[in-house]
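The working numbering applies: residue 2 is where the sequence shown begins, and numbers increase by one. Glycine included, every Cβ here is placed at the ideal spot set by N, Cα and C. Please read these numbers as outputs of a predicted model, since none were measured by experiment.
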Amino acid sequence: MKWLLIVLLSVVGLMILVVVIGALLPQKHKVSRTVSLHHPAETVWTLISGPPTWRPDITNYQELPSHESHRMWRETDKHSQTITFEAIESLPPRRLVTQIVDKNLAFGGTWTYEIASAGNSSTLTITENGEVYNPLFRFVSRFIIGQTATLDGYLKALNAKLGS
Numbered sequence: 002m003k004w005l006l007i008v009l010l011s012v013v014g015l016m017i018l019v020v021v022i023g024a025l026l027p028q029k030h031k032v033s034r035t036v037s038l039h040h041p042a043e044t045v046w047t048l049i050s051g052p053p054t055w056r057p058d059i060t061n062y063q064e065l066p067s068h069e070s071h072r073m074w075r076e077t078d079k080h081s082q083t084i085t086f087e088a089i090e091s092l093p094p095r096r097l098v099t100q101i102v103d104k105n106l107a108f109g110g111t112w113t114y115e116i117a118s119a120g121n122s123s124t125l126t127i128t129e130n131g132e133v134y135n136p137l138f139r140f141v142s143r144f145i146i147g148q149t150a151t152l153d154g155y156l157k158a159l160n161a162k163l164g165s
């Protein structure tokens, strides 16, 4: 019985420590990834600005009515989490800025996609200006999952689609 109490108190203490560390971390973060692609900017633009049916983590995609002339859509991932996005800036085929519209999530932010053309090739830079509101999720995002995990997964799927 004494060992059970020690284990229980240790787990509770560890959880409190994780939440405290998470609370001390900044709510906002900025991460970026750049990749060179052997495809023209227009091809890359078509993929990143269109339906994400090429991404294996997306199980459902739904276009929504535009808001203030901004394109909006809803994605459902393989964990059944649904997120609504809005394209707040669109300059084909060079720059796309999207943001999470949902206010009830534990996270939010914008993603800026910048494509630099180089003949039949291009360079794509994605910058995530993310926010993680929950201290526990902030700890997990920073120390366990990694703040670039979403970008890395996106670029892996993009490379697979393009055959790069």
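Q: Quick one: residues in its chain with C-beta nearer than 6 Å to the C-beta of Arg-139, no 5 flanking neighbours on either side, listed in chain order?
A: Gly-23, Leu-26 and Val-133
Worksheet item: Does Tyr-62 get closer than 8 Å to chain B when you measure Cβ to Cβ?
Response: Structure shown: chain B not included; a single protein chain is present.
- Query: For the candidate residues Leu-125, Leu-9, His-68 and Ile-146, whose alpha-carbon lies nearest to that of Leu-159?
  - Reply: Leu-125
*Quick one: measure Cβ to Cβ for Ser-122 and His-71, integer angstroms, because I've assumed they're closer than 8 Å.*
Contact doesn't hold; Cβ gap of about 30 Å is too wide.
Length at least 4, wholly inside the stretch 69-93: the alpha helix (DSSP H) runs in chain order: none
Q | Distance CB(Trp-74)-CB(Glu-90) smaller than 8 Å | A | no
* Asked: What residue range is occupied by the uninterrupted alpha helix (DSSP H) comprising Tyr-134?
  -> From DSSP, Tyr-134 is part of no alpha helix (DSSP H); its letter is neither H nor E.
- prompt: How about Ile-127 and Arg-34: are their beta carbons less than 8 Å apart?
  reply: yes
### Query
Mind checking whether Arg-143 and Tyr-114 have CB atoms under 8 Å apart?
no
_DSSP has Gln-100 in a bridge; who is on the other side?_
Glu-87 and Thr-111
- [ ] Answer yes if the stretch 93-110 comes into contact with the stretch 7-22, meaning at least three C-beta pairs across the two stretches below 8 Å, and no otherwise.
- [x] no
Query raised in the report: Exposed or buried, what is Leu-15 when buried is set at 16 or more other beta-carbons lying within 10 Å of its beta-carbon?
Result: exposed
| said: The beta strand (DSSP E) that contains Ser-33, what's its start and end? | reply: 29-38
Report task. Check the DSSP bridge columns for Ser-118 and list the partner residues they point to. Result -> Ser-123
| query | Is Val-45 closer than 8 Å to Ile-116 when the C-beta atoms are compared? | reply | yes
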